[in-house]
Amino acid sequence: MCDTCGCGEKSFEAKVSEVIDSIRPMLQNDGGDIELVGVDADKTVKVRLQGACRGCP
386 MCDTCGCGEK SFEAKVSEVI DSIRPMLQND GGDIELVGVD ADKTVKVRLQ
436 GACRGCP
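Numbering (our numbering), first residue to last: 386 to 442.
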């Protein structure tokens, strides 16, 4: 639900989280992971990449 107005729409952060969840399995298959650190007021997304993934295409 939208944090601002309660309109029933997913918040931007929730949408970003869904996208991250959709790519996480690919990163985990390569020994890595991704963590959503946060989303700023200006919708800048900050993530933390984890693991041993190096030199991936």
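For glycine and all other residues, C-beta sits at the position ideal for the given N, C-alpha and C.
- Rounded to whole angstroms, the separation of the alpha carbons of A399 and E420 is 13 Å.
- Excluding its 5 nearest sequence neighbours in each direction, F397 has C-beta neighbours in its own chain below 8 Å: V424 and K428, listed in chain order.
- Taking C-beta atoms under 8 Å as the contact rule, V432 and I405 qualify, at a distance of about 7 Å.
- Counting only runs that start and end inside the region 391–416, the alpha helix (DSSP H) elements of at least 4 residues fall at 397–414.
- For D418, the three-state secondary structure derived from DSSP is strand.
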